[in-house]
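Chemist: Using our numbering, you'd call the opening residue of the sequence shown number 41 and step up by one each time. The C-beta atom is built at its ideal place from N, Cα and C for all residues, glycine as well. The structure presented is a predicted model; accordingly, all values stated were derived computationally and were not measured.
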Amino acid sequence: MSAPARQDIILAGVGGQGILSIAAAIAGAALKRGLNVKQAEVHGMAQRGGAVQSHLRLSADRIWSDLIPRGGADLILGVEPLEALRYLDYLAPEGRIVASSKPHLNIPDYPDLEAILGEIRKIPGSVVVEAESLARAAGTARAQNIVILGAASRFLIVDEAGLRENVRGLFEKRGESVLAANLKAFDLGRGAV
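1) Residues in its own chain within less than 6 Å of K224 by CB, not counting five upstream and five downstream?
2) Counting only runs that start and end within the region 55-118, where is the alpha helix (DSSP H) found for 4 or more residues in a row?
3) Within 10 angstroms of its Cβ, does M41 collect 16 or more other Cβ (buried), or is it exposed?
4) From the beta carbon of T180, is the nearest beta carbon of chain B less than 9 Å away?
5) Tell me the DSSP secondary structure of A43 in three-state form.
6) Please say whether P121 and P143 have beta carbons closer to each other than 9 Å?
7) With three or more C-beta pairs closer than 8 Å as the rule, is the region 96-104 touching the region 62-73?
8) According to DSSP, is P151 part of a helix, a strand, or is it coil?
9) Return yes when the Cβ of L131 is within less than 9 Å of the Cβ of I50, no when it is not.
10) Which same chain residues end up closer than 8 Å to A199 when comparing Cβ atoms and leaving out the 5 residues on each side of it in sequence?
11) Tell me the DSSP bridge mates of V167?
12) How is the alpha helix (DSSP H) around L189 delimited, first residue to last?
13) Report yes if the C-beta distance between N222 and V207 is below 9 Å; otherwise report no.
Below you can see the structure in the form of structure tokens.
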């Protein structure tokens, strides 16, 4: 008998990077699959530039807490590399990180980027994505979060079609060009893994 479907995800970035959009797309796809979903509120300085993180838990069984214990995250999605690394103590031994390679230089003493990316790459199965350049190639630098979602889609327990449907729902009211750019960003992120 196989274990029930379950996945615990930490979403990390800075305010204004679209952490809530990633959470909404994953949670929507999970609900359509019949999974239970709990999401902790976004914690941190949610104004543009401040560090933010959120816990997202998916399970076929009842979820008792919205917070992921340290050492329990299956996946860390980082739209900002230092923020992804900040939650390393939450990562399960077999967990992985999907992170952007582009820092958000919001502090004067930002650590050495290559050292940060090197630490992420040491984690087996983890992926560093050129999210900014892929988002620009899709038509908008603002879609870096959707690039990360696309890359992470290879590891999520929800299906690609459900994620794409939720990306469509998030952006279709903003016009055809915004929707097309975000769907392309998703595809480019998925293709980068």
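Modeler: On the basis of the data shown:
1) In the sequence shown, counting from the first residue as 1, residue 224 sits at position 184. Excluding five sequence positions before and after K224, the CB atoms of its chain that fall closer than 6 Å to its own CB belong to A178, given in chain order.
2) Taking only runs of at least 4 residues, the alpha helix (DSSP H) segments lying wholly in the region 55-118 are 59-72.
3) Locating residue 41 in the sequence shown gives position 1, where the first residue counts as 1. Low local confidence applies: a pLDDT of 38 at M41 is under 50, so the model's placement there is unreliable, with the coordinate-based value given in what follows. If you draw a 10 Å sphere on the C-beta of M41, you find fewer than 16 other C-beta atoms in it, and that means exposed.
4) Any reference to chain B falls outside this structure, which holds one protein chain only.
5) What you label residue 43 is simply residue 3 of the sequence shown in a count that begins at 1. Confidence at A43 is low in this model, with a pLDDT of 46, below 50, so its placement is unreliable and no value can be given for it.
6) Indexing the sequence shown from 1 puts residue 143 at position 103. Indexing the sequence shown from 1 puts residue 121 at position 81. The answer is yes: Cβ separation under 9 Å.
7) Result yes; three or more Cβ-Cβ pairs closer than 8 Å.
8) Taking the sequence shown and counting its residues from 1, one reaches residue 151 at position 111. Correct three-state label for P151: coil.
9) Here residue 50 refers to the residue found at position 10 when the sequence shown is read from its first residue. Here residue 131 refers to the residue found at position 91 when the sequence shown is read from its first residue. In this structure, I50 lies near L131, with their beta-carbon atoms less than 9 Å apart.
10) Along the sequence shown, read from residue 1 onward, the residue named residue 199 stands at position 159. Checking the sequence, you will find Asp at residue 199 rather than Ala. Non-local C-beta neighbours of D199 in its own chain, meaning closer than 8 Å and more than five positions away in sequence, comprise A69, R73, ordered along the chain.
11) Against the sequence shown, residue 167 aligns to sequence position 127. Per DSSP, V138.
12) Taking the sequence shown and counting its residues from 1, the one referred to as residue 189 is at position 149. Start and end: 184-192.
13) Against the sequence shown, residue 222 aligns to sequence position 182. Against the sequence shown, residue 207 aligns to sequence position 167. For N222 and V207, yes; Cβs fall inside 9 Å.
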